[in-house]
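Written below as structure tokens is the structure these notes are about.
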Amino acid sequence: MTDTEKQRKVVLLGFDGMDYDLTRTMIDDGRLPNLKRLEEKGSFEPLLSVFPPDSIPAWITAYTGMDPSDHGILEHVNYLLGDNKTVSIDTSVFHEKTFWDRIGNEANAEVCVINPFMAYPVWPVNGTMISGPVFIEGDIQVSNREQLQGIEIPDSIGGITNFPNKSNIKPFLDWTIEDTEEQAEFGLSMLKKNQPGFFFQTFLTTDRIQHHLWRYCDQTDPTYPGSNEVEGGIDQFFALIDKIVGDFMDALDDDDILLLMSDHGHGMRCTHTFNFNEYLYQKGYLKSAGGGRKFSKKVLLEKLKNRVLKFLNDNDLEEYISKIAKLVPNASAMKSGKHISNNAESQAYASDFAGTNPFGGICINKDKVDDYEAFRTKLMAELDELTYEGKKMIRWMRPREALYNGKHIERYPDILYEMVPELGTGMSMHSGLFSINPTHKKISGGHKKNGIFFSNQGAALKIDQEECKITNIHTTLVSLFDLDGPDKTHNFIKSA
Numbered sequence: 004m005t006d007t008e009k010q011r012k013v014v015l016l017g018f019d020g021m022d023y024d025l026t027r028t029m030i031d032d033g034r035l036p037n038l039k040r041l042e043e044k045g046s047f048e049p050l051l052s053v054f055p056p057d058s059i060p061a062w063i064t065a066y067t068g069m070d071p072s073d074h075g076i077l078e079h080v081n082y083l084l085g086d087n088k089t090v091s092i093d094t095s096v097f098h099e100k101t102f103w104d105r106i107g108n109e110a111n112a113e114v115c116v117i118n119p120f121m122a123y124p125v126w127p128v129n130g131t132m133i134s135g136p137v138f139i140e141g142d143i144q145v146s147n148r149e150q151l152q153g154i155e156i157p158d159s160i161g162g163i164t165n166f167p168n169k170s171n172i173k174p175f176l177d178w179t180i181e182d183t184e185e186q187a188e189f190g191l192s193m194l195k196k197n198q199p200g201f202f203f204q205t206f207l208t209t210d211r212i213q214h215h216l217w218r219y220c221d222q223t224d225p226t227y228p229g230s231n232e233v234e235g236g237i238d239q240f241f242a243l244i245d246k247i248v249g250d251f252m253d254a255l256d257d258d259d260i261l262l263l264m265s266d267h268g269h270g271m272r273c274t275h276t277f278n279f280n281e282y283l284y285q286k287g288y289l290k291s292a293g294g295g296r297k298f299s300k301k302v303l304l305e306k307l308k309n310r311v312l313k314f315l316n317d318n319d320l321e322e323y324i325s326k327i328a329k330l331v332p333n334a335s336a337m338k339s340g341k342h343i344s345n346n347a348e349s350q351a352y353a354s355d356f357a358g359t360n361p362f363g364g365i366c367i368n369k370d371k372v373d374d375y376e377a378f379r380t381k382l383m384a385e386l387d388e389l390t391y392e393g394k395k396m397i398r399w400m401r402p403r404e405a406l407y408n409g410k411h412i413e414r415y416p417d418i419l420y421e422m423v424p425e426l427g428t429g430m431s432m433h434s435g436l437f438s439i440n441p442t443h444k445k446i447s448g449g450h451k452k453n454g455i456f457f458s459n460q461g462a463a464l465k466i467d468q469e470e471c472k473i474t475n476i477h478t479t480l481v482s483l484f485d486l487d488g489p490d491k492t493h494n495f496i497k498s499a
């Protein structure tokens, strides 16, 4: 193919958990020169994630153009219980139904897709797809080995790895940087050798670094340990991202399109929790599995659990939380509160579907209330009055069908909410309403709703800020190849 015959390439880089606010600050401070150059050439906007803003539902939404109530996958990973290798996801929801499938098959553009989160095992595409296992055992797979052309695949392709503790946090940073460098070098080599019409590569390490290093790097975090060997780790990692972006920019022709996106944002994880089930218990809406007996085994176990977690937190023994959890029978039920809340016989109970985060929901048993809508409205009004440190505790709250309306909407709790970022959803009972988040020291970075979206073609392409949402990513990408997206979605990049 001669230079004059070269087709315009579309290159999409995905950085899991890359936050809009943090990126904006670092660009303005002059710490990310290539991203600043990219913004000046094009545009940079926040990309609104799904609810809740978690990697699994968010990436699947990006791939398919279906919101979580349509594709039905709401799972999140419980890192502390060590179940990150056993999460079962039905990949048939998006198997051969992604934006890269449509671009390859319907627009007849050759694609190169590297490390797409959850898209494993690989399947045939018009080009090549390279993916590793996430949450399951398996080997890295390639759909078309001919396109490797002798390029070696990094062993780090894939998803979740073992997580660090205080004693190996610096090696964790070092090997995560090394993995990311190897993945970027591999992606650039594949792009240059194959010159696909559409190239997509994701970097999952952005999320991983922030989850585990946040409190070591953020002096405003109340658990910041003081000067330490990784206190510049997040800055160092973002500098690496900036270099990677610069290398890709330099590898493209002037009319090629470079896009950056993330599935959600990131920031300090909640330091405290609001125990919704305790609140509902005090209001008489939730029944205790202890049956109202002050000294029942279940009540005593719940109180012991709360005291042990507080003791471990207060004495900087957070490393033992996951170790102890693995030894406790039915630890998952204890974390979710299902051992102490009698959900089946209650009018309402808290859901743990979003984990210990500011985003969450309340479930209502319709057969336990006289008038479902009246009860839901009343409960929402009561929750809306709650305060934390003198300000409203809940930023917004709405019925689930006011957010989404897909065929799987009943997988969501009946009431959805977002609290102030200092608070996460707590599941404890027979306790105070507010508690220290005992897992913050272990996982100190948490998800936020605004990811990032960059484009390099500011003169030719304009971003519609109102529609810059992850639900519209699929339609926006396929529209660059003159294809239509699913119903209910919009193209947020318009020709200038």
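The C-terminal position of the sequence shown is numbered 499 in our numbering, with every residue numbered one higher than the one before it. Even glycine gets a Cβ: it sits at the ideal position worked out from N, Cα and C. Every value quoted in this text rests on a predicted model; they were computed, and no experiment measured them.
Same chain, Cβ closer than 6 Å to residue i, neighbours up to 5 away in sequence not counted
| i | result |
| --- | --- |
| I30 | L38, K39 |
| P124 | Q144 |
| K472 | L51 |
| Q150 | T131, N197 |
| K306 | H433 |
| N316 | I439, P441 |
| V13 | F201, I260, L483 |
| L15 | F203, L262 |
| N231 | Y219 |
| L480 | F102 |
Span separating the alpha-carbon of residue i from that of residue j
| i | j | result |
| --- | --- | --- |
| S134 | M193 | 14 Å |
| L486 | P402 | 34 Å |
| P127 | F277 | 47 Å |
| I172 | N165 | 12 Å |
| I260 | I455 | 16 Å |
| N459 | P49 | 15 Å |
| E78 | A357 | 8 Å |
| G3 | A351 | Absent from the model: residue 3. The displayed extent of the chain is 4 to 499, so no value can be given. |
| F203 | I106 | 11 Å |
| E43 | A462 | 10 Å |
| N309 | H275 | 13 Å |
| D257 | N111 | 22 Å |
| G449 | H214 | 6 Å |
| T94 | F206 | 20 Å |
| F437 | R379 | 23 Å |
| F189 | G236 | 23 Å |
| S46 | K444 | 36 Å |
| Q468 | A242 | 26 Å |
| F314 | P174 | 28 Å |
| K465 | L320 | 50 Å |
| E322 | G161 | 25 Å |
Same chain only: Cβ atoms within 8 Å of residue i, ignoring 5 sequence neighbours per side
| i | result |
| --- | --- |
| D182 | P157, S159, T208 |
| G249 | P36, N37, R40 |
| K286 | E385 |
| Y407 | F54, D70, P71, S72, D73, Y415 |
| N475 | G68, G488, T492, H493, N494, F495 |
| D6 | Bear in mind that the predicted position of D6 carries a pLDDT of just 46, short of 50, making it too unreliable to give a figure here. |
| L330 | Confidence in L330 is poor, its pLDDT being 48 and thus under 50, which makes the residue's placement unreliable; the coordinate value appears in the next sentence. Same-chain partners within the cutoff: there are none. |
| K369 | Y375 |
Beta carbon of residue i nearer than 8 Å to that of residue j
| i | j | result |
| --- | --- | --- |
| M69 | P489 | yes |
| S354 | Y288 | no |
| D266 | S58 | yes |
| D224 | M271 | yes |
| T23 | N453 | Residue 23 is actually Tyr in this sequence, not Thr. Against a cut-off of 8 Å, the Cβ pair of N453 and Y23 comes out as a contact. |
| I365 | I412 | no |
| C273 | E425 | yes |
Beta-bridge pairing of residue i - partner residues as DSSP gives them
| i | result |
| --- | --- |
| S498 | L464 |
| T205 | G17 |
| N278 | G429 |
| G448 | M271 |
| S354 | G364 |
| V116 | M132, F203 |
| G294 | For G294, which the question treats as bridged, DSSP gives no partner whatsoever. |
| M422 | I397 |
| F456 | E48, M264 |
| S438 | T276 |
Other residues of its chain near residue i: CB distance less than 7 Å, five sequence neighbours each side excluded
| i | result |
| --- | --- |
| M422 | F277, P361, M396, I397, R398 |
| K451 | D22, P56, H267, G268, H269, G270 |
| W103 | V114, V116, V128, F201, F203 |
| E109 | L486 |
| M383 | M400, I418 |
| G427 | C273, T276, T359, N360, P361, N440 |
| S146 | V125, W126, P127, V128, T131, M132 |
Chain D contact for residue i (CB, 8 Å cutoff)
| i | result |
| --- | --- |
| L261 | Within the model displayed, chain D is absent; a lone protein chain is all it includes. |
request  = Kindly provide the ranges of any alpha helix (DSSP H) runs that are 4 or more residues long and lie completely inside the segment 235-267, ordered along the chain.
outcome  = Taking only runs of at least 4 residues, the alpha helix (DSSP H) segments lying wholly in the segment 235-267 are 236-254.
request  = Give, in chain order, every unbroken run of the beta strand (DSSP E) that is at least 3 residues long and sits entirely within the segment 356-399.
outcome  = Fully enclosed beta strand (DSSP E) runs of 3 or longer: 362-367.
message = For a minimum of 4 consecutive residues, which ranges assigned as the alpha helix (DSSP H) are wholly contained in the segment 121-162?
response = The qualifying runs do not exist here; there are none.
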